[in-house]
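Protein chains in written order, with UniProt numbering: chain A, 1 to 324; chain B, 1 to 324. I have placed the structure first, in the form of structure tokens, so that the comments after it can refer back to it.
There are 2 protein chains.
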Amino acid sequence: MAAVAGVSPKTVSRVINNEPNVRPELAERVLAAIGELGFRRNAMASSLRSGRETATIGLIIEDLANLFYSTIAAEVARVARAHDTHLITVSSEEDPELEQRQFAQLCQRRVDGLVIVPAGADHSYTRPEAEMGMRMVFLDRPPSGVLADSVLVDNEAGARAGIASLLADGHRRIGVVVDSPAIHTARERLAGVRTALAGAGVPYDDSLVRVGVSDPDGAARAVAAMLDANDPPTAFFTGNNRITVGAVRELYRRGSGAALMGFDDFELSALMPRPLTVIAYDVRELGRAAAVRLFERIGGDASWPSEITIPTRLVQRGVEPGAT
Amino acid sequence: MAAVAGVSPKTVSRVINNEPNVRPELAERVLAAIGELGFRRNAMASSLRSGRETATIGLIIEDLANLFYSTIAAEVARVARAHDTHLITVSSEEDPELEQRQFAQLCQRRVDGLVIVPAGADHSYTRPEAEMGMRMVFLDRPPSGVLADSVLVDNEAGARAGIASLLADGHRRIGVVVDSPAIHTARERLAGVRTALAGAGVPYDDSLVRVGVSDPDGAARAVAAMLDANDPPTAFFTGNNRITVGAVRELYRRGSGAALMGFDDFELSALMPRPLTVIAYDVRELGRAAAVRLFERIGGDASWPSEITIPTRLVQRGVEPGAT
């Protein structure tokens, strides 16, 4: 390992044990070497596993009672059924520790593979199982600390296109409401916002950005606070559909004419009581692509991990005001 | 068996084989006797099974990518987790044959029990497994041809209350749009409509009733046709949330002031672009009650099957017109 990375064994040990004072570029090199070796071993172990031990796969998601995740679960189950395989779905409730326990239990059941929408930011805990041949595909958020396939939305490009559209309509003061940047999707979407603003020469104004907003009520409060401030935004960018719904509610309640651009489409967006634009993508395709990739792995595919990206598009939603 | 039912063995055979020309009251007696004997045998077999063989239960539902079912799945999974049990969810896609195949596969896996939202109208196919000790709870629709616990919405009373509310507001011409009466919930809700109308002395007018409507587009067409007829309805009763959404769309599009009363609440109903009333009930409680009952059975409860009824209530939804 140390030889592959070109560093001392002591450095390898310090990186693995997450000790401080390791130069970032050394840590990168060590992790890359670990990843590569680990992945080679996994691929070999996986091909040694007999293909279909339990005819069961597992899906770890945040919350089944959320249409985004249940749509993914339905697609994964559909692909599984075509392979005569049952799907066990478990919920991590956005809790990284619960995710680890659920992962361990599903591995103990000897499922043939796992689709994971990770809650935590560090998935090195999966490495021992991966090295023993557990096939895994990460969905919506990329893996960290382990090499594996992933299927992701093109978050950065989608947010860029959304902001570019608002800028093209003449907006210069755009209120931005997103979830915590600790979450991959929120981080990427915020990055897209910054890139689009910078590209148009519009300064990034911290007073117009609220992060860590995770539900409709919080979103409504964030929008209200920005509208009540001096020189309020003429448009809003909302980072996911829960935030968008809260923004719709508050903008409608006030009769505000501010433009609204929200990431994620959602059921009944076409019947929202005011116009909005959504950054839409094919949620079913997310689930389908992940499940198809997993069954390729179960079928013996030992190629280098791939990252599949699902594109986005802008769609007009909501009803025109005053039609009644 | 014939002795218990007080009929000839030939009659028993004819009832079991579903032959014609058996008097209904004889058939009833035979089926009741079969049910009672079957159930006694099941309860004994169930108690002989060692409690926790696979630490897995199964859930058979129509479609996971429908928030009603995914909410139920999430609750069943939550109760299962509290019992250190995994949940396998399979979709019947409203196809009785697929339901039977899914049932057989889950029994082959030796799950500890099943929650079933039945697609078909006849569940006598489950009897052999039930008699070997498979615990089952039927959800949202009652079992037929087998004795088992069930958890149901109070459909008839809910529809009655909804129509009574429209009548109290002075409506006499009420358009009714429901799914096929072959479906238990649609049949019960339609029965509630008839009872409420009869109680108020308002004649049941076939020209104001559309049955077999199963999606929003069909509902929008049904509402449009009734509004375009002579002497159009001043109010609509819609039999489930998919039908309600189609009715909202069509009524909003026309700027119609007709009242709307829809069975089932739904996410974002509060943001629909016109007022409506929904007949709401606790969907989580449906799933929770079914799972709790199943684990009571797994824990050894051999009491006579129970029917748990979930109550409904009327809730105002939608936004007031012209607030923008």
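Ideal placement from N, C-alpha and C gives every residue a C-beta, glycine not left out.
Any chain B beta carbon closer than 8 Å to Ser92 of chain A: Ser92 of chain A does not count as touching chain B.
Within 10 angstroms of the Cβ of Val315 of chain B, are there 16 or more other Cβ atoms? Answer buried if so, exposed if not. Using a 10 angstroms sphere on the CB of Val315 of chain B, the tally of other CB atoms stays under 16, which defines it as exposed.
At which residues does the alpha helix (DSSP H) containing His184 of chain B begin and terminate? Unbroken alpha helix (DSSP H) run through His184 of chain B: His184 to Gly199.
Is there contact between the region 142 to 149 of chain A and the region 121 to 131 of chain A, where contact requires at least three CB pairs shorter than 8 Å? Yes, they touch.
Looking at the structure shown, is Val90 of chain A part of a helix, part of a strand, or coil, going by DSSP? Looking at Val90 of chain A - three-state DSSP - the assignment turns out to be strand.
To the nearest angstrom, report how far apart Ile163 of chain A and Leu197 of chain A are at their CA atoms. Taking the straight line from one Cα to the other gives about 7 Å.
DSSP beta-bridge partners for Glu285 of chain B? Answer is none; Glu285 of chain B lacks a bridge partner.
Name the DSSP beta bridge partners of Gln316 of chain A, please? Answer is A:Thr277, bridged to Gln316 of chain A.
In the DSSP assignment, what residue or residues form a beta bridge with Arg293 of chain A? Its beta-bridge partners do not exist; DSSP assigns none.
Between the beta-carbon of Phe266 of chain A and the beta-carbon of Ile279 of chain A, is there less than 8 Å? Going by C-beta atoms, Phe266 of chain A is not nearer than 8 Å to Ile279 of chain A.
Evaluate contact between the region 190 to 205 of chain A and the region 213 to 228 of chain A, counting only Cβ atoms and requiring at least three cross-stretch pairs below 8 Å. No, because fewer than three Cβ pairs between the region 190 to 205 of chain A and the region 213 to 228 of chain A fall closer than 8 Å, the two stretches do not touch.
Pick out whichever of A:Arg78, A:Val90 and A:Ile72 has its Cα sitting closest to the Cα of Ala80 of chain B. Closest by alpha carbon: A:Val90.
Could you please tell me which residues of the region 278 to 307 of chain B, in chain order, have their CB closer than 7 Å to any CB of chain A? Within the region 278 to 307 of chain B, no residue qualifies.
I need the boundaries of the beta strand (DSSP E) containing Thr238 of chain B, first residue and last residue. Counting along the chain, the beta strand (DSSP E) containing Thr238 of chain B begins and ends at Ala235 to Thr238.
Identify each residue in the region 63 to 82 of chain A for which the Cβ-Cβ distance to at least one residue of chain B is less than 9 Å, and report them in chain order. For the region 63 to 82 of chain A, residues whose beta-carbon sits nearer than 9 Å to a beta-carbon of chain B comprise Asp63, Leu64, Ala65, Asn66, Leu67, Tyr69, Ser70, Thr71, Ile72, Ala73, Ala74, Glu75, Ala77, Arg78 and Arg81.
Per DSSP, cross-strand counterpart(s) of Phe263 of chain A: Answer by DSSP bridge pairing, in chain order: A:Ile279.
Do you know offhand how far Ala159 of chain A's Cα is from Ala219 of chain B's? Distance between the alpha carbons of Ala159 of chain A and Ala219 of chain B is about 36 Å.
Over the uninterrupted alpha helix (DSSP H) stretch that includes Leu98 of chain A, give me the two end residues. Leu98 of chain A -> alpha helix (DSSP H) spans Pro96 to Gln108.
Min CB distance Ile88 of chain A to chain B below 8 Å: Chain B contact via Cβ: present.
I'd like to know if the region 230 to 247 of chain B and the region 172 to 180 of chain B are in contact, where contact means that at least 3 CB-CB pairs between them fall below 8 Å. Touching, per the Cβ criterion.
Check each candidate in B:Asn230, B:His171 and B:Thr185 and name the one with the smallest Cα separation from Val202 of chain B. Closest by C-alpha distance to Val202 of chain B, out of B:Asn230, B:His171 and B:Thr185, is B:His171.
Thinking C-alpha only, which one of A:Asp169, A:Arg253 and A:Gly246 is nearest Ser269 of chain A? Ranking the options by Cα distance to Ser269 of chain A, first place goes to A:Gly246.
Can you tell me whether Glu131 of chain A is buried or exposed? The criterion is at least 16 other CB atoms within 10 Å of its CB, across all chains shown. By the neighbour-count criterion, in which 16 or more other beta carbons inside 10 Å mark a residue as buried, Glu131 of chain A falls on the buried side.
Would DSSP call Gly113 of chain B helix, strand or coil? Three-state DSSP puts Gly113 of chain B in a strand.
Could you name the residues of the same chain whose beta carbon sits closer than 6 Å to that of Leu139 of chain A, not counting the 5 residues immediately before and after it, in chain order? Contacts found: Val115, Val117, Val151 and Ala290.
Flag this pair as yes or no: are the beta carbons of Arg135 of chain B and Gly113 of chain B separated by less than 8 Å? Judged by beta-carbon spacing, Gly113 of chain B lies within the 8 Å limit of Arg135 of chain B, meaning their Cβ atoms are closer than that value.
Check whether the Cβ atoms of Ile57 of chain B and Leu98 of chain B lie closer than 8 Å to each other. It is not a contact, given that the beta carbons lie outside the stated cut-off.
Rounded separation between Gly257 of chain B and Glu94 of chain A - CA only: Cα to Cα, the separation comes out at about 44 Å.
Close beta carbons around Val292 of chain A, own chain, < 7 Å, minus the five adjacent residues each side: For Val292 of chain A, where only same-chain residues beyond five positions count, the Cβ hits under 7 Å are Val79.
What three-state label does DSSP hand Gly58 of chain A in the structure shown? Strand.
Beta-carbon neighbours of Met272 of chain A, restricted to chain B and to distances below 7 Å: Within chain B, the residues whose beta carbon sits less than 7 Å from that of Met272 of chain A are Leu271, listed in sequence order.
Is Gly246 of chain B helix, strand or coil when you go by DSSP? The answer is helix: DSSP assigns Gly246 of chain B an H, G or I state.
Quick one: which chain A residues come within Cβ less than 8 Å of Arg319 of chain B? In the sequence on display, residue 319 of chain B carries Val and not Arg. Simply Tyr252 and Pro273.
Consult DSSP for Thr126 of chain B and reduce its assignment to one of helix, strand or coil. Collapsing the DSSP output to three states places Thr126 of chain B in a helix.
Using 8 Å as the limit for Cβ to Cβ distance, is Val211 of chain A near chain B? Val211 of chain A does not count as touching chain B.
Would you report the Cα separation of Gly318 of chain B and Gly318 of chain A, rounded to the nearest angstrom? In a straight line, the C-alpha of Gly318 of chain B is about 14 Å away from that of Gly318 of chain A.
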